[in-house]
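Engineer: Quick one: structure below, then a few questions.
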Amino acid sequence: MTIQIERLRVRRARARVDLARYAPSLLLAGYGVFILSLYLRGDLTLYINPAYVWPTTTAGVVLLVVAGALLLRKPAADCGHDDFVGCDSCGCEQPTTRLWPYAALCIPLLLAALFPPRGLAAFSAQQRGPQIAGFSAIQGMSSVKRVSLSVDTKTFTMQDWVGALSADPNPKDYAGKPVQISGIVLHSSASMPPGYIMVMRYQVTCCIADARPVGLVVKDASHGALQDNQWVKVDGVMSSTKYQGDSITVVSPTSMQRIKAGDPYMY
């Protein structure tokens, strides 16, 4: 009976050591596969700036290579005992194996599998605080383009307008300028005049963690038909309205139409 118990104890110890040997390789391979799967599906930019796609993808390949190298390495030699005699009898030390760190590092992979990546929407904008171009102080101006209004503003993107209005918020300088933008609809009674909505996107510097909701105030020509998180294309001209004692730049639309959801991020 004593021999059987000792044999079972040794087998459990060896199984634990074997699992600890393969755990680092499997963990690295898991993260490598996850990164490469995001790249192949085109979802990597839902996490990071496109400028970092290639370095991140390369890191995924490196993780797979390292995982393969760890799997192919030779295991450390044992004490040379049989199946039921432990190392304790000869005084050699059995390495202490801790599996909980590997289990903890698996949690992000599990969460990523359970919750596929999605773009930020109106709810996130309310939490982070929408920043209205020409009215709110846009943070991180180094990442927002400033554009001269001497060009045809029909070609202006949302990012162009945000940069221009941040550099020069005077509504008189934009009166009558044509506007063509698309973005996410956001109703925020605390941030804009009654009867207006915000058409917004997210300004990203490095990754989605630093994304800031920015956009333009647009007269709601749908009379309340548009809902938060819907995507809309707006054609119109720049004008102004009074809000909290100040004159702010707004868009007076000539047409507003719902469109298929696009990329909510600006880089």
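First residue of the sequence shown: -19, per this note's numbering; consecutive thereafter.
Ideal Cβ positions, reconstructed from N, Cα and C, are used throughout, including at glycine.
Let me check understanding here. Comparing Cα to Cα, which of Lys240, Tyr82, Ala241 and Gly175 lies closest to proline 233?
Structural biologist: Of the residues Lys240, Tyr82, Ala241 and Gly175, the one whose Cα lies closest to the Cα of proline 233 is Gly175.
Engineer: How is serine 69 classed by DSSP in three states: helix, strand or coil?
Structural biologist: Residue placement at serine 69 is poorly supported in this model, since its pLDDT is 47, which falls under 50; the coordinates are not used for a value here.
Engineer: Taking a contact to mean a Cβ-Cβ separation below 7 Å, would you say proline 173 touches tyrosine 223 in this structure?
Structural biologist: Note that the C-beta distance between proline 173 and tyrosine 223 is below 7 Å.
Engineer: Short of 6 Å in beta carbon distance, which residues of its chain neighbour serine 227, apart from the five on each side in sequence? Order them along the chain.
Structural biologist: Pro151 and Ser220
Engineer: Could you check how far apart the C-beta atoms of leucine 85 and leucine 6 are, in whole angstroms? I think they sit under 8 Å.
Structural biologist: With 8 Å as the limit, leucine 85 and leucine 6 do not qualify as a contact, their Cβ atoms being about 11 Å apart.
Engineer: Kindly identify the DSSP beta-bridge partner or partners of tryptophan 141.
Structural biologist: Partner(s): none; tryptophan 141 has no beta bridge.
Engineer: Skipping 5 residues on each side, what residues in its chain have a beta carbon closer than 7 Å to that of alanine 254?
Structural biologist: Nothing can be reported for residue 254: it is not among the residues displayed for the chain, which extend from -19 to 247.
Engineer: What are the partner residues of isoleucine 239, as DSSP defines its beta bridges?
Structural biologist: Beta-bridge pairing links isoleucine 239 to no other residue.
Engineer: What are the start and end residues of the alpha helix (DSSP H) that includes glycine 40?
Structural biologist: Where glycine 40 is concerned, the enclosing alpha helix (DSSP H) stretches over 33 to 52.
Engineer: Would DSSP call leucine 196 helix, strand or coil?
Structural biologist: Strand, per DSSP.
Engineer: Alpha carbon to alpha carbon, what distance is there between tryptophan 141 and glutamine 111?
Structural biologist: 13 Å
Engineer: Compute the Euclidean distance between the alpha carbons of proline 244 and alanine 102, then round it to the nearest angstrom.
Structural biologist: Rounded to whole angstroms, the separation of the alpha carbons of alanine 102 and proline 244 is 10 Å.
Engineer: Would the segment 156 to 163 and the segment 201 to 210 be scored as touching if the rule is three or more Cβ pairs under 8 Å?
Structural biologist: At 8 Å Cβ cutoff, the stretches do not touch.
Engineer: Is proline 158 helix, strand or coil by DSSP?
Structural biologist: strand
Engineer: Could you give the distance in angstroms between the alpha-carbon of leucine 196 and the alpha-carbon of alanine 189?
Structural biologist: 22 Å
Engineer: Would you call proline 97 buried or exposed, if buried means 16 or more other Cβ atoms sit within 10 Å of its Cβ?
Structural biologist: exposed
Engineer: Straight-line CA distance for alanine 31 to tyrosine 182?
Structural biologist: 16 Å
Engineer: Proline 96 by DSSP, collapsed to three states: which one?
Structural biologist: coil
Engineer: What number of angstroms, rounded off, separates the C-alpha of cysteine 187 from the C-alpha of valine 165?
Structural biologist: 22 Å
Engineer: Strictly by DSSP, which residues pair up with glutamine 183?
Structural biologist: Arg192 and Met246
Engineer: Assign isoleucine 239 to one of two classes, buried (16 or more other C-beta atoms within 10 Å of its C-beta) or exposed (fewer than that).
Structural biologist: exposed
Engineer: How big is the Cα-Cα spacing for aspartate 215 and serine 235?
Structural biologist: 5 Å
Engineer: Do you know how far the Cα of leucine 52 is from the Cα of phenylalanine 64?
Structural biologist: In this prediction, phenylalanine 64 has a pLDDT of 40, which is less than 50 and means its spatial position is unreliable; nothing more can be read from the coordinates.
Engineer: Check for me: the beta strand (DSSP E) holding serine 220 runs from which residue to which?
Structural biologist: 211 to 223
Engineer: Please name the residue in Phe136, Pro81 and Met180 whose C-alpha comes closest to that of alanine 0.
Structural biologist: Its Cα nearest to that of alanine 0, the residue Pro81 stands out among Phe136, Pro81 and Met180.
Engineer: For a test of the three-state rule: what should DSSP assign to leucine 85, helix, strand or coil?
Structural biologist: The DSSP-derived three-state label of leucine 85 is helix.
Engineer: Would DSSP call tyrosine 27 helix, strand or coil?
Structural biologist: coil
Engineer: Could you give the DSSP three-state label for glutamine 111: helix, strand or coil?
Structural biologist: strand
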